[in-house]
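First the structure, in the form of structure tokens, and then the observations on it.
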Amino acid sequence: MEDLTRNYKLPCIMDIKMGRKTWYQGAPQKYIDKCLVKDATTTSGTLGYRIAGMQVHDSSTDAMWRADRKWCQNLTNQQMPAVFRLFFSLTPTADAPAIDAIAAGSAAGDGTSDAAATASGDVSAAAKERMRSVLCGEGGLLAQLQTLRDWFAQQTTFHFFSASILLIYEAPTGSTQGHPPSLRLVDFAHAIDGHGEIDSNFLEAIDGVVVALNGLLAEEQVAEQ
């Protein structure tokens, strides 16, 4: 199995499970029932995707912080913008208090935590520029998402269920640029015959992620005005 992070020193990673429907026709009923519950109780059923895992650089400890499964499953629609801000270190700091604020809001089921979702804080110019470079620079994540979308918009050979995309970028290490950001399609165990039809389930999920990332860029532009 390929190590997708081998070229990164401090890889920040987001695992996004794609599709409103994560089960496939002909799957065992026990598996379908499990997927139906997850799809209905996470953002899969509403946004068309959910965060299945995340690793970010904690600037306060110079260590990597990893979201656990429960933390990810408890996230709501309203909290998703805060999670993307956290992933790109646009919260005041990607430290434990900011992370815990989002997690606490999730566990309480009370929508977005005020501390995490509305605080723009003193986001450094360097952090904003890094986010723009990762998303919009040459070979950035948005360009890679568009390439993936173009393929899904025309391919009719396969339909992918319970597959993920990984967003990977290098956390800042002084003046070092680091390895370019990367997007990978992973988890192909449930790729089935597309029977000549577009995989609209996956295509919708890509569009949802693109909307979220463009929303993040727009939010930062408004904040600067």
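Residue numbers (the numbering used here): 11 to 235. Ideal placement from N, C-alpha and C gives every residue a C-beta, glycine not left out.
Ala153 versus Pro191 - alpha carbon distance: Residue numbering aside, residue 153 sits at position 143 when the sequence shown is read from its first letter. Residue numbering aside, residue 191 sits at position 181 when the sequence shown is read from its first letter. Whole-angstrom Cα-Cα distance: 11 Å.
Report the residue from Thr52, Gln35, Ile42 and Pro38 whose alpha carbon sits nearest the alpha carbon of Ser26. One-based indexing of the sequence shown puts residue 26 at position 16. Inspection of the sequence shows that residue 26 is occupied by Ile rather than by Ser. The option with the nearest alpha carbon to Ile26 is Thr52.
Quick one: Cα of His200 to Cα of Gln35, how far? Reading the sequence shown from its first residue, position 190 is the one you call residue 200. Reading the sequence shown from its first residue, position 25 is the one you call residue 35. C-alpha separation (whole angstroms): 10 Å.
Lys40 to Ser172 span [Cα, whole Å]: As a first step, residue 40 must be located in the sequence shown, where it is residue number 30. As a first step, residue 172 must be located in the sequence shown, where it is residue number 162. Whole-angstrom Cα-Cα distance: 15 Å.
So, for Ala215: in the same chain, excluding its five sequence neighbours on each side, which residues have a beta-carbon less than 7 Å away from its beta-carbon? Your numbering for residue 215 matches position 205 in the sequence shown. Cβ within range, chain order: Met28, Gly29, Gly58 and Tyr59.
Does the beta-carbon of Phe198 have 16 or more other beta-carbons within 10 angstroms, so that it is buried, or is it exposed? Position 188 of the sequence shown, counted from the first residue, corresponds to residue 198. The residue is exposed, with fewer than 16 neighbouring Cβ atoms inside 10 Å.
From Leu223 to Leu145, what distance separates their C-alpha atoms? Taking the first residue of the sequence shown as 1, we reach residue 223 at position 213. Taking the first residue of the sequence shown as 1, we reach residue 145 at position 135. Computed Cα separation, rounded: 8 Å.
Identity of the residues DSSP links to Trp75 by a beta bridge: One-based indexing of the sequence shown puts residue 75 at position 65. Looking at the DSSP assignment, Trp75 forms a beta bridge with Val66.
Going by the CB atoms, is the gap between His67 and Ala137 shorter than 7 Å? For the purposes of this step, residue 137 is taken as residue 127 along the sequence shown, with counting starting at 1. For the purposes of this step, residue 67 is taken as residue 57 along the sequence shown, with counting starting at 1. In this structure, His67 does not lie closer than 7 Å to Ala137 by Cβ.
If you compare alpha carbons, which of His169, Tyr179, Gln164 and Asp43 is closest to Gly150? Here residue 150 is taken as the residue at index 140 of the sequence shown, counted from 1. Considering only alpha carbons, the answer is Tyr179.
Near Thr15, which residues of its chain fall below 6 Å by C-beta distance, leaving aside the five closest residues on each side in sequence? Your numbering for residue 15 matches position 5 in the sequence shown. Closer than 6 Å at the Cβ level, and outside the excluded window around Thr15, lie Pro21.
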